[in-house]
Each structure stands twice: as C-alpha cells, then as structure tokens.
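Here's the structure, in structure tokens; my notes come after.
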C-alpha cells in the first residue's frame, strides 16, 4: 500500500490553465479499508441494524482487533463463542463510534447481517491531465458513496473490448479489460469525480487546450472525446441543449444530445463507462459527461470543468 500525497491548492489565472483533454478509457482501483456496503435481515432480525450500523460505515476494529480486510472479520467471527456480543469500532463522517453487535445463525453459520467490501474496481474515462503539475481528473461524478474515504488507489490503462448498445430503459455499457500498468495515484473521491497525480510519462508532449469558465459555456455545437474500441480516442459531435447557471458545485451543469451518427450507430448514445469524457466547445475544454437519460440514451448531462478543477484544488483567480 502506498501513501496518498498531500495536495496543496493552486490559484491561477484562467489563461495559465492548459489541460490535455484525454478521453482515454481507464481502470480504477481504490482501496477503502473495510466498509459496509449493505445490511440485511434474517427471519425479520438484523443484528447490524439493531446495533445502529449503517451502509458506508468503515470498520476500524472488530473484537478489539485492528481490521485491514474483510477476511479478517470472517476469521474472527469463526473463532468467537456463538452467543458472544462483539465490540465494533466504526468510522462515520470522520468520527469513531463504538457499537455492540450480536451475531445470529443463518443456514448454520453465524452472520452479522452485513455485506462488506474493502476495495472498489471499475472502468471510466479520464477527463484531463494538467501536465504542468502532473494532476488529473476523471469521471465527472464520484464512485459509489463519496462519504467513503479512499485509503489509497490508482488508475490504469484500459482497453474497450465490446460495446453493449444502449436503448430506452437500458443505458448500455463499455466492456473493458483493466491493465495492471499504473498511470496515476488517486488522492480524492468527490461528488464531481476522482482526482490525483500522474505517475507515468504516457502524457508527455500531448496537445493542451485552454479551459472555459462556466459563464463561457453556450448552447450549440460541441465535441466529446471518448473510446469505443480498443484504446483509440475519437472525437464525436454533440449538441449542448441547455446550460444551467450554477453558483455551487453540481454534476448536472448542462444538458447534452449526441448527434454524431457513428457514435449513435455504435453505442446508441451515452453509455456506462463514458462518464468523464471531456467536452470541447470553440477550442476550449468546457466540462465532462456525467449522466445518461434512461428514457432517452441519446441525451444526458455534463459538468462544468471549473467544478472539477476546484475539487482538484485548482482555483481560477
């Protein structure tokens, strides 16, 4: 496990912010510590809910032992006295809380009524790289519950092997394989995306673009960069239908319609795995795709690049 580096905020003139609009497909691997994904009941009883334990809680200690993986909890649970009440220390909203939980029997096995997870793995799109400071932003929205603190994590290269075409009620999906080749360390998981530090020379000498602040974004023609086959980034036409005036961060800053016939033929519109695809308008990076409309996959939403930069601790003067 590696340590997440401390980031310091940058306040820059807008004209000094030059980004590489990526559009590359990436694998995302986050180590979160052991957290509660879901709770469940058995015969109307739920030990976890009775103990006041919630999804999103992080388990720090179980039976007075420090926990590093979900297998540690299974091992402890297998070795305790069946009727014993167990002490659990959890972290919730940055505070440590002590809870008492008593296992129950399901199919002859002791259970706490918890589904646990200790990592998150997924596929998305890299939005930008700020080569001057080796910083990146991706996805345009957070991963799972953004209250879950990321202990460590990284992004890798990814290859799109197949496209599941979207349709009404089914947003479709990029099916990709994830490489073990790390290209960046993840330092943040926020509502606007994941952010971190580039650790690979892969992005050297790529073309940089200026950014547009949120007041510059207009309705009309634009382009997105994304991958629909292998690792080839392509440019596709879109239309900005609506622009929302926002004074606070929101991941639905603009409404977008896919107009590119090639992209519509291949994907049906916006599909899962396309989140983070950078949006270019009038030669400037204006934002990234975040959502698809389930009832019309040709349309979706995007976030202003300004909001993503702020969550990467980059502020415009």
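Numbering (our numbering), first residue to last: 625 to 941. Just so it is clear, CB atoms sit at the ideal spot from N, CA and C, and this is done for glycine as well. As the structure is a prediction and not an experimental result, all values here were calculated from the model.
Problem - Alpha carbon of residue 753 to alpha carbon of residue 842, nearest angstrom - result: For the pair residue 753 and residue 842, the Cα-to-Cα distance works out to about 24 Å.
- Cα-Cα separation between residue 839 and residue 915, rounded to whole angstroms: 21 Å
Next item on the list: With 7 Å as the threshold, decide whether the Cβ of residue 837 is near any Cβ in chain D.
Entry: Any reference to chain D falls outside this structure, which holds one protein chain only.
Query raised in the report: Who are the Cβ neighbours of residue 625 in its own chain at under 6 Å, not counting the five residues just before and after it?
Result: At residue 625, the pLDDT of 35 sits below 50, so the modelled position is not reliable; the number obtained from the coordinates is stated separately. Short of 6 Å from the beta carbon of residue 625, and not among the five residues preceding or following it, lie these beta carbons of its own chain, in chain order: 776.
Exercise for the section: Reducing DSSP to helix, strand and coil, say where residue 826 ends up. Expected result: helix
inquiry  = Which complete beta strand (DSSP E) runs does the segment 754-810 hold, if anything under 3 residues is left out?
reply    = 759-762 and 776-788
### Task
Keeping to the same chain, check which residues put their C-beta closer than 7 Å to that of residue 627; ignore five residues upstream and five downstream.
Caution is warranted here: a pLDDT of 41 is assigned to residue 627, below 50, making its placement in the model unreliable, and no coordinate value can be reported.
With a cut-off of 8 Å, do at least 3 Cβ pairs link the segment 656-666 to the segment 703-712?
no
Would residue 1001 and residue 824 be called neighbours here (beta carbons separated by less than 7 Å)?
Outside the shown range of the chain, which is 625 to 941, sits residue 1001, and nothing can be said about it.
Inset, instruction - Please confirm whether residue 655 and residue 743 have their CB atoms less than 7 Å apart. - result: yes
Through-space distance from residue 796 to residue 746, alpha-carbon basis: 15 Å
Requested in this report: Confirm, please, whether the CB-CB distance from residue 931 to residue 814 is below 7 Å.
Outcome: no
The segment 826-836 contacting the segment 639-653, beta-carbon criterion three pairs below 8 Å: yes
**Q.** CB of residue 846 within 7 Å of CB of residue 862, strictly
**A.** yes
Margin query: DSSP three-state label for residue 678, please.
Written below: Looking at residue 678 - three-state DSSP - the assignment turns out to be coil, as it is neither helix nor strand.
- Message: Going by the DSSP bridge assignment, what does residue 912 pair with across the sheet?
- Response: 902 and 927
If you check the beta carbons only, do residue 792 and residue 650 fall under 7 Å apart?
Contact flag unset, no.
> For residue 633, is the classification buried or exposed, using 16 other Cβ atoms within 10 angstroms of its Cβ as the cut-off for buried?
Replying inline: Residue 633 sits exposed, since fewer than 16 C-beta atoms from the chains shown fall within 10 Å of its C-beta.
| Buried/exposed call for residue 877, threshold 16 Cβ in 10 Å | buried
**Study point:** Three or more C-beta pairs below 8 Å linking the segment 915-925 and the segment 881-898
**Key:** yes
| residue 854, buried or exposed, once every other Cβ within 10 Å from all chains shown has been counted against 16 | exposed
May I ask which residues mark the beginning and end of the alpha helix (DSSP H) holding residue 891? Per DSSP, residue 891 belongs to the alpha helix (DSSP H) from 885-891.
Quiz item: Just reading off the beta strand (DSSP E) that residue 711 is part of, what are its end residues?
Solution: 710-716
Label residue 927 either buried or exposed according to how many other C-beta atoms from any shown protein chain fall within 10 Å of its C-beta, with 16 as the threshold for buried. buried
Which one of 666, 844, 658 and 729 has the shortest CA to CA distance from residue 685?
658
Are the CB atoms of residue 864 and residue 844 nearer to each other than 7 Å?
yes
message: Measuring only the C-alpha atoms, how far is residue 940 from residue 870?
response: 16 Å
Quiz prompt | Reference residue 908, options 935, 669, 919 and 848, closest by Cα | solution = 848
- prompt: Bridge partners of residue 743, per DSSP?
  reply: Beta-bridge annotation (DSSP): residue 743 is paired with 655.
If you follow the alpha helix (DSSP H) that residue 937 is in, where does it begin and where does it stop? It is not in any alpha helix (DSSP H) - residue 937 carries neither H nor E in the DSSP assignment.
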